[in-house]
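Just so we're aligned, residue 1327 is where the sequence shown starts under my numbering, counting upward by one. Glycine residues also receive a C-beta, built at the ideal position from the N, C-alpha and C atoms.
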Amino acid sequence: MTASSSSEQTQTTGATTWQIDSVHSNVEFSVRHMMIATVKGQFANLAGTIHFDEQHPENSSVEATVDASSVTTYNEQRDNHLRTNDFFNAEQWPDIKFKSTKIEHRKGNEYNITGDLTIRDVTKPVVLDTEYDGQILDAFGMQRAAFTATTEINRKDFGVNWNGVIESGGVVVGDKVKVTLNIAATRQD
C-alpha cells in the first residue's frame, strides 16, 4: 500500500502525509484487575506517519511506533512491573509497532484499519475501528488532523502472560485489553 516515497505517493494517489504529533497524542488501555475493577493506563511516547487519501481510503496507510517504556498507570510500582519481562520487557523490546495492511471506508468519517501489531516481537493482525475527527489550521499556520481508533486484543496472544491467582478464585489481570488511540497529526506536504 505504501509507495516508494512520500512525495511519489502524494502525487500518484492524492494522499497527504501527516506526522503524528506525539505531544498531543496517546495510546490508552484498560484491563480488568482482580476480576471486577478496571485499571487504566497509557503510553505517552509515540511516533508515526499517516498517508491519508480521503477520496480513495484504500490508498491510505499508517505506520506507528510506541515506546513501551513510556507506559504509565500513575502507580510507579505497577509501571515498573509493566516494563519487566512479566509484561512488555521494554528493555529487550523497546518498541510496540503497528503497520497497516488495509484501510476500508465504512460510512461517513468511519474506517476500518487492518494492520499488523507487534508487541514483544510477536506480530498479530488487528482491526482498528477508526473515526476521522477532521482537520483545522492552527494558530501557527499548521494544518492539523485528528483520529480516534479503538480495538480489543488478548494480551496473551502477544506473549504477555504474567498473572496471579486470587484467593477467592479468579486472576489478578484480565486477558482482554481495550485500546484507544487518540491521534493528532500535522500535515507534512
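ask   = If we ignore side chains and look at the alpha-carbon of each, how far apart do I1376 and R1513 end up?
value = 9 Å
ask   = Buried or exposed: which applies to V1349, given that a residue is buried once 16 or more other Cβ atoms fall within 10 Å of its Cβ?
value = exposed
ask   = Leaving out five residues before and five after K1482 in sequence, what residues of the same chain have Cβ atoms less than 7 Å from its Cβ?
value = D1501
query = Going straight from the alpha carbon of V1357 to that of N1487, what length do you get?
reply = 14 Å
query = Measuring CB to CB, does A1390 end up less than 8 Å from G1374?
reply = yes
ask   = When you compare each of L1463, F1466, F1378, F1424 to L1454 by their alpha carbons, which one comes out closest?
value = F1424
task = Determine the direct distance from the alpha carbon of Q1403 to that of E1384, and round the result to whole angstroms.
result = 43 Å
query = So is T1427 buried or exposed if we call it buried at 16+ other beta carbons inside 10 Å?
reply = exposed
query = What does a CB cutoff of less than 8 Å around S1351 pick up in its chain, not counting 5 residues either side in sequence?
reply = L1372, L1507, N1508, I1509, A1510, A1511
inquiry  = Can you look up E1417 in the DSSP assignment and give me helix, strand or coil?
reply    = coil
Complete beta strand (DSSP E) runs within the segment 1409-1461 (minimum length 3 residues, chain order) = 1421-1433, 1436-1445
ask   = Which residue comes first and which comes last in the beta strand (DSSP E) that contains E1380?
value = Looking at the DSSP string, E1380 is not in any beta strand (DSSP E), and its letter there is neither H nor E.
task = Would you list the residues sitting across from V1388 in a DSSP beta bridge?
result = I1376
inquiry  = Let me check one thing: in DSSP terms, what residues is G1367 bridge-paired to?
reply    = F1355
key: Reduced DSSP secondary structure (H/G/I, E/B, other) of F1295   = Because the chain is modelled from 1327 through 1515, residue 1295 falls outside the range shown and cannot be assessed.
task = Quick one: grab the DSSP three-state call for N1406.
result = helix
request  = Could you say which of R1409, R1432, T1399 lies nearest to H1382 if we only look at CA atoms?
outcome  = R1432
query = CA-CA distance, D1459 and I1346?
reply = 14 Å
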